[in-house]
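The listed protein sequences correspond, in order, to chains H and Y. With the first letter of the first sequence counted as 1, position 109 gets the number 1264 in our numbering; the numbers rise by one all the way through. With the first letter of the second sequence counted as 1, position 69 gets the number 80 in our numbering; the numbers rise by one all the way through. We put the CB at the ideal spot given by N, CA and C, even for glycine.
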Amino acid sequence: MDQIQHPEPPEKGVSTTVPAPLRAIQERVYACIQCGTCTGSCPNAFAMDYTPRAMWRLVLMGEKETLFNSRTFLLCSACYYCTLRCPRGLPLTETMEELKQIAARENHPVHKKSVLFYRNFLESVRRHGRVREMEFMTLYFLSLKNPFTPLQFTPLGLRLMGKGKVGIQVPSKGQRRLEALFRKAEELEEQE
Amino acid sequence: MKYYYYPGCSLEGTAKEYDISTRAFMSAMEIELVELEDWTCCGASAAPATGNLLSLALPARNIALAEKTNAAKEILVPCSACYLNLKQVEKKTGKDTELLSKINTILEEEHLHVTGGLRVRHLLDVLSKDIDAAAVSQRVQRSLNDMTIAPYYGCQCLRPYIEFDDPETPRSMEPLIEATGAKIHAWSKGSKCCGASHMNTQMDVGIELVASILKAAKGADAIVTVCPMCQVNLDAYQKKASRFAKEDLDITVLYLPQLLGLAFGLTEKEIGLNYNLAVSDGFRKKL
């Protein structure tokens, strides 16, 4: 009887048609046995177009376009249940974060809202060292360029202001408190 | 006992009452908190979604601040997201010297340096392991024995690092709550996800998670949490969740040190109860 031919595991430094950042992610989840424990453990699976199990398969198949058009990793809320339960001990939550990092760098349209949310959060931290919640939400709403989104949050904003938990914060450039740290991190990140 | 204290950004804003009640509780227990001078943001969930090194350099800056002075051996963190970010630095740099040196290259910009050796601890870890229920019950002046409390742990103080409790069926809050005289609401939602930042960016998904937790808490007088993100999600969107579930889901949502502080006889102001958004009349009547 003929031996079944298994595909070779991806090797570091070997050029394939899959771009390098995704190849690094494939290596992390290569031991996935498609058991579906991640899907069964995921609180957000109900809202995903591909279940986590199916998404890891897309990663392994190098289906980049389908992967980054999917909402799956965007809907990971980092509860770490899949990481805890994965019988192969794979760092699944962290790898979801790495997919978010690629989506942020490459400006995939499906991820625009989340990317702007995170980017404006970090902009506030970069300016002041600590996040100013109201400044950050203002920056976020401005960047969305959608006048209706803020309306969803107006009642809560008013209640929080009424309680004296937050105040109106006009976005200000501040002292660029953590500018040097951010720049250095970005510089090293590019060399990775 | 003495700990470094890293409050984190939420505790200066939407989670003010967590900061107020943690300090009040610790002071009642005669435990000293040394707030890290000039602390900055841990990166929350934004930095991990943006860059790996940034997500470690931001929390590492705060660990470096602690290492610079020599006041305590452990850093107490009440916010679960901050806790996990700081813990990642402790765990990852402990076994990866190359990573540690990269982080230190970044921290040089701030004239700071991390060596390692300081332990990062969640508030619940310290409350349940270092203080324990017996010490709490000795100080109880106002028994909460006609209350039933639903302990809600959330995710990131339990997972991925298993430090002080079972990551699937946590129980560390129970002896502390029972020490106040209150009973435990039996439920299975204690370690389930609240939706985290989905309530900001994917509200249609987040509201399902919030509503299912609030539904399961029915019958309890209050939910008690140890995370600002969980607290605000469960506290601030009750009307929306009620509309979504087509039933009344209003319930009081407290931070654990607020509940313990109430039992100690601290005033509502001393535990910052005026800052909680949803404190029900039924709950107030039982005080």
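- Beta-carbon proximity list for residue 185 of chain Y, same chain, < 6 Å, skipping 5 on both sides: The answer, listed in chain order, is 195.
- Item | Supposed close pair residue 237 of chain Y, residue 38 of chain Y - CB separation, criterion 8 Å | Taking C-beta atoms under 8 Å as the contact rule, residue 237 of chain Y and residue 38 of chain Y fail to qualify, at a distance of about 19 Å.
- Item | Which residues DSSP lists as bridging residue 43 of chain Y, in chain order | Answer by DSSP bridge pairing, in chain order: Y:13.
- Should residue 268 of chain Y be flagged as near chain H, meaning a C-beta pair shorter than 7 Å? It does not: the Cβ of residue 268 of chain Y has no partner Cβ on chain H nearer than 7 Å.
- Query: Name the chain H residues that come within less than 9 Å of residue 203 of chain Y, Cβ to Cβ?
  - Reply: Within chain H, the residues whose beta carbon sits less than 9 Å from that of residue 203 of chain Y are 1198, 1234 and 1236, listed in sequence order.
- Message: Using the three-state DSSP reduction, which class does residue 257 of chain Y fall into: helix, strand or coil?
- Response: Correct three-state label for residue 257 of chain Y: coil.
- residue 159 of chain Y - DSSP class collapsed to helix/strand/coil: Strand, per DSSP.
- Message: Taking 6 Å as the cut-off, is the C-beta of residue 36 of chain Y nearer than that to any heavy atom in the ligand ZN?
- Response: Among the components of this structure there are no ligands whatsoever, and the ligand ZN is therefore not found.
- Message: Strictly under 7 Å for the Cβ-Cβ distance: is residue 1272 of chain H near chain Y by that measure?
- Response: So, interface residue.
- Message: Measuring alpha carbon to alpha carbon, tell me which residue in Y:28, Y:66 and Y:15 is nearest residue 282 of chain Y.
- Response: Of Y:28, Y:66 and Y:15, the residue nearest in Cα terms is Y:28.
- From residue 1211 of chain H to residue 1269 of chain H, what distance separates their C-alpha atoms? Going by C-alpha positions, residue 1211 of chain H is about 21 Å away from residue 1269 of chain H.
- Query: chain Y partners of residue 1194 of chain H, CB-CB under 9 Å?
  - Reply: Simply none; closest approach about 15 Å.
- Closest by C-alpha distance to residue 202 of chain Y, when choosing among Y:232, Y:126, Y:161 and Y:157: Measuring C-alpha to C-alpha distances from residue 202 of chain Y to each of Y:232, Y:126, Y:161 and Y:157 identifies Y:161 as the nearest.
- Message: So, with DSSP's three-state summary, where would you put residue 277 of chain Y?
- Response: Coil.
- Query: Where does residue 79 of chain Y sit, in a helix, a strand or coil, going by DSSP?
  - Reply: Correct three-state label for residue 79 of chain Y: helix.
- Message: Restricting to Cα atoms, I'd like to know which of H:1231, H:1221, H:1237 and H:1214 is closest to residue 213 of chain Y.
- Response: Minimum Cα distance to residue 213 of chain Y is reached at H:1231.
- Sorted by chain position, which residues of the same chain lie with C-beta nearer than 6 Å to residue 9 of chain Y's C-beta, five sequence neighbours on each side aside? This structure cannot settle anything about residue 9 of chain Y, because the visible part of chain Y is limited to 12 through 298.
- Can a CB atom of chain Y be found closer than 7 Å to the CB of residue 1277 of chain H? Yes, its Cβ sits closer than 7 Å to a Cβ of chain Y.
- Can you find at least 3 beta carbon pairs, one from the region 138 to 149 of chain Y and one from the region 170 to 183 of chain Y, that sit closer than 8 Å? Between the region 138 to 149 of chain Y and the region 170 to 183 of chain Y, the count of Cβ pairs shorter than 8 Å is three or higher; the stretches touch.
- residue 175 of chain Y versus residue 136 of chain Y - alpha carbon distance: Each residue's Cα considered, the two are about 6 Å apart.
- Since residue 1254 of chain H contacts residue 1193 of chain H with CB under 8 Å, what's their CB separation in whole angstroms? For residue 1254 of chain H against residue 1193 of chain H, the beta-carbon gap comes to about 14 Å, at or over 8 Å, which does not count as contact.
- Task: Could you tell me the distance, in whole angstroms, from the CA atom of residue 1304 of chain H to the CA atom of residue 1296 of chain H?
- Result: About 7 Å.
- Query: residue 1187 of chain H: which of H:1292, H:1250, H:1263 and H:1202 sits nearest, CA to CA?
  - Reply: Taking each of H:1292, H:1250, H:1263 and H:1202 in turn and checking the Cα distance to residue 1187 of chain H, the smallest one comes out for H:1250.
- How should residue 244 of chain Y be labelled, buried or exposed, when 16 other C-beta atoms within 10 angstroms of its C-beta is the threshold for buried? Residue 244 of chain Y is buried by the Cβ-count criterion.
- Would you tell me roughly how many angstroms separate the C-alpha atoms of residue 101 of chain Y and residue 67 of chain Y, rounded to the nearest one? About 10 Å.
- Return the CA-CA distance between residue 118 of chain Y and residue 57 of chain Y, expressed in angstroms with no decimal places. The straight-line gap from Cα to Cα measures roughly 19 Å.
- Spatial neighbours of residue 225 of chain Y in its chain, beta-carbon cut-off 6 Å, leaving aside the 5 residues before and after: So the qualifying residues of the chain are 252 and 260.
- Message: Is there a Cβ of chain Y sitting closer than 7 Å to that of residue 1343 of chain H, yes or no?
- Response: Residue 1343 of chain H counts as touching chain Y.
- Tell me, please, whether the region 1278 to 1286 of chain H touches the region 1322 to 1334 of chain H by the rule of three or more beta-carbon pairs shorter than 8 Å. With a cut-off of 8 Å, the region 1322 to 1334 of chain H and the region 1278 to 1286 of chain H count as touching, because enough Cβ pairs lie within range.
- Whole-number beta carbon distance between residue 116 of chain Y and residue 1343 of chain H, since they are thought to touch under 8 Å: 7 Å between Cβ atoms; contact.
- Message: Under 8 Å, with one C-beta from each stretch per pair, do the region 15 to 23 of chain Y and the region 77 to 97 of chain Y reach the 3-pair mark?
- Response: Judged by Cβ distances under 8 Å, the region 15 to 23 of chain Y makes contact with the region 77 to 97 of chain Y, as three or more pairs qualify.
- Message: Would you say residue 1285 of chain H lies against chain Y (beta-carbon separation less than 7 Å)?
- Response: Interface residue, yes.
- Own chain, CB closer than 7 Å to residue 1176 of chain H, minus 5 neighbours either side, in chain order: Counting only Cβ-Cβ distances below 7 Å, and skipping sequence neighbours, we find 1257.
- Item | residue 42 of chain Y versus residue 33 of chain Y - alpha carbon distance | Cα to Cα, the separation comes out at about 11 Å.
- Item | Spatially closest choice to residue 232 of chain Y from Y:197, Y:84, Y:149 and Y:222, by CA coordinates | Sorting Y:197, Y:84, Y:149 and Y:222 by C-alpha distance to the C-alpha of residue 232 of chain Y places Y:197 at the top.
- Can you name the residues of chain Y whose CB is closer than 8 Å to the CB of residue 1293 of chain H? Under the 8 Å cutoff, chain Y gives no residues; its nearest Cβ is about 13 Å from residue 1293 of chain H.
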